[in-house]
Amino acid sequence: MTTLTARDPRTGALDFQFQATSPTEIEQTAQRLRAAAQDWQALKLDGRMAKLAELSDASGRHHDAITERLSVDTGRRKIAGREVDGTIGAIHGWLAQAPHLLPDGWTDGRMNPAIRHAPQFVPYALVGVISPWNFPLTLSMIDAIPALLAGCTVMIKPSEVTPRFVDPLMEAIKEAGLQDVLTFVQGDGTTGGALIDHVDAVCFTGSVATGRKVAAAAAGKMIPAFLELGGKDPLVILESADLEKATDAALRGSVLSTGQACQSIERIYVARKIHDAFLERLVEKAKAVELNWPDIGRGHLGPVIFDKQADILQSHIDDASAKGAHVLTGGKVEDHGGGKWLKPTVLANVTHDMAVMRDETFGPILPVMAFDTIEDAVRLANDTEFGLSAAVFAGTLDEAETVGRQIEAGGVSLNDAALTALFHEAEKHSFKLSGMGGSRMGPAGFQRFLRRKALIANTGAPAPIGAFAEDAP
Ligand code: NAD
5 MTTLTARDPR TGALDFQFQA TSPTEIEQTA QRLRAAAQDW QALKLDGRMA
55 KLAELSDASG RHHDAITERL SVDTGRRKIA GREVDGTIGA IHGWLAQAPH
105 LLPDGWTDGR MNPAIRHAPQ FVPYALVGVI SPWNFPLTLS MIDAIPALLA
155 GCTVMIKPSE VTPRFVDPLM EAIKEAGLQD VLTFVQGDGT TGGALIDHVD
205 AVCFTGSVAT GRKVAAAAAG KMIPAFLELG GKDPLVILES ADLEKATDAA
255 LRGSVLSTGQ ACQSIERIYV ARKIHDAFLE RLVEKAKAVE LNWPDIGRGH
305 LGPVIFDKQA DILQSHIDDA SAKGAHVLTG GKVEDHGGGK WLKPTVLANV
355 THDMAVMRDE TFGPILPVMA FDTIEDAVRL ANDTEFGLSA AVFAGTLDEA
405 ETVGRQIEAG GVSLNDAALT ALFHEAEKHS FKLSGMGGSR MGPAGFQRFL
455 RRKALIANTG APAPIGAFAE DAP
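All residue numbers for the sequence shown refer to the working numbering, where the first residue is 5 and numbers rise by one.
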């Protein structure tokens, strides 16, 4: 039996111990879920929707308990509560959409009207979900909800960095009577690897490095892998942009959740004419952002959740400084009461040979660079191996749209930043190294859990072999 320890990000205390689920238990859990899959599918969509509605109600009743544990996992309270609200909202969003997403009935063939076809949608019996530490609840449930509605059973392995929220969430799952089709296993990468051995499809959210391992393991098993990985999202600000709105969006898009969001703005490109004025206003606003320490009930920014991430943040700042960047505010990871915090850090005079402009930072760091032409802005924005999302700010939506259409990323926010966090209705892929597999958002987010099966009926007479004779007319 392996015991793991999780760190409290506000105090640095290694004060939460939990057991990793053993390979044997994972195998047994998979067998149990598989055995329940048939009854779950027999409930049909209506029955499954009713059970998911019960989960929504139960999550509401356990809202405070889940929020409380999630707050300890992540060191922030408001966002923890929003994760619970957002998960309930996601259930309702899918309940409203799911009934309208699948065609039904027979269609006559276009090549031969006598041959008709009807689609059937066959869910994977067991879907595995592996989630990261930055939004532990949201990213555990975001794929699980549509998978359950589609008729799959689901086994989730959350990050070993943030394990505390699972117990109160399981209480809600049990209260809704869903424990036979939705369950959690705990552990680190070894547990994640063991989970992949037993599922029919895997949804992974995490880093590119681990994503490659998950993809390789899934390929070995010939199961689909839906990968949502890192990003290096650019924000392009054109000369016509409103500075107040652009600085608001840039700051919020970069530092919300301490920048620990895949869709965080990580690079800012500003038209040279407004560059200095933009920087001045951005720095003013950045300086007004407060840490939520010592009181978790005040301020804007929580601690860095994963201590090793704090080392990456500092190394990006130090590397940029050493190569000539100017630190205009912030710049030092601060130790308060054992936790690690970083105030919004605005960097000017940055170049693309700095790690902060190339590698995923995942923190409240805003490197700002001037551009001269729109072609330059597009070239710089696309000069990355990532393609998760991006943003463009301009005086008019038309101008923003023209640039947005040229950016190589799956979701592009126009006249705001990081809208993909708020709006899940539009289908989007993760381009380049940012991911693989069907869209998590929009109708495809549900449809990807269903294999297409075609029933093909001949309403005429079957062709005899003679029709294919070499000398047949
Ligand atoms: P990570 O890759 O280190 O870990 C993610 C999960 O994978 C954890 O649960 C971990 O235990 C598990 N894991 C580790 N090794 C494994 C293996 N060999 N096989 C199976 N599972 C394994 O990522 P992280 O540090 O927890 O999360 C931060 C990363 O997640 C960032 O890169 C961020 O951009 C990314 N992310 C992406 C999205 C998105 O939607 N694209 C959303 C949030 C976070």
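Even glycine gets a Cβ: it sits at the ideal position worked out from N, Cα and C. For clarity, every value in this text was computed on a predicted model and none was experimentally measured.
Shortest gap from the CB of K236 to any heavy atom of the ligand NAD: 6 Å or more. At a Cβ-Cβ threshold of 7 Å, A41 and A100 do not count as neighbours. Taking a C-beta distance under 7 Å as the contact criterion, K347 and A314 do not qualify as a contact pair. With a cutoff of 6 Å, G446 does not count as near the ligand NAD, since its C-beta is closer than that to no heavy atom of the ligand. No Cβ-Cβ contact shorter than 7 Å links Q190 with T78. Set against 6 Å, the gap from the CB of K217 to the closest heavy atom of the ligand NAD is smaller.
Look at L143 here: in three-state DSSP terms it is helix.
For C266, the Cβ falls inside the 6 Å cut-off from some heavy atom of the ligand NAD. Closest by C-alpha distance to Q267, out of G90, G414, N386, is G414. In the same chain as V170, and ignoring 5 residues on each side of it, the C-beta atoms closer than 7 Å to its own belong to P162, F188, Q190, in chain order.
Counting along the chain, the unbroken alpha helix (DSSP H) around K249 starts and ends at 247-259. Taking a C-beta distance under 7 Å as the contact criterion, I272 and A254 qualify as a contact pair. The beta carbon of T187 sits no closer than 6 Å to any heavy atom of the ligand NAD. For H330, the closest of V287, V337, R302, D339 by C-alpha to C-alpha distance is V287.
Of the other Cβ atoms in all chains shown, 16 or more fall within 10 Å of the Cβ of M358; this residue is therefore buried. In this structure, DSSP gives N462 an extended state, which the three-state scheme calls strand. In the DSSP assignment, K217 falls within the alpha helix (DSSP H) that extends over 212-225. Excluding its 5 nearest sequence neighbours in each direction, G85 has C-beta neighbours in its own chain below 7 Å: T71, listed in chain order.
The distance from the Cβ of G90 to that of T142 is about 6 Å, consistent with a contact at the 8 Å cut-off. Collapsing the DSSP output to three states places W345 in a strand. Around the beta carbon of L426, fewer than 16 other beta carbons sit within 10 angstroms, so the residue counts as exposed.
Residue R456 holds the alpha-carbon nearest to the alpha-carbon of V126 among A476, R456, I119. The segment 148-165 and the segment 94-112 touch, with no fewer than 3 CB-CB distances between them shorter than 8 Å.
The C-beta separation of A205 from V88 comes to about 26 Å, leaving the pair out of contact by the 8 Å criterion.
With a cutoff of 7 Å on beta-carbon distance, A118 and T463 are scored as near each other. Taking 7 Å as the cut-off, the Cβ atoms of I95 and I149 count as close. Nearest to V203 by alpha-carbon distance, out of S211, T7, V218, T365, is V218.
Set against 6 Å, the gap from the CB of N138 to the closest heavy atom of the ligand NAD is smaller.
Secondary structure of K457 (DSSP, three-state): strand. In the three-state DSSP reduction, L59 falls in the helix class (H, G or I). Taking the Cα positions, R11 is about 15 Å away from Q23. Beyond the five residues adjoining it in sequence on each side, I134 comes within less than 6 Å, by CB distance, of K161, G196, F208 in the same chain, given in chain order.
Straight through space, the alpha carbons of M174 and Q32 are spaced by roughly 18 Å. In chain order, I200 place their CB closer than 6 Å to the CB of A221, counting only its own chain and leaving out the 5 sequence neighbours on each side. A distance below 6 Å between beta-carbons, with the five flanking residues on each side excluded, links D192 to the following residues of its chain, in chain order: E164.
Between E294 and G439, the C-beta gap is not smaller than 7 Å, which leaves the two residues out of contact.
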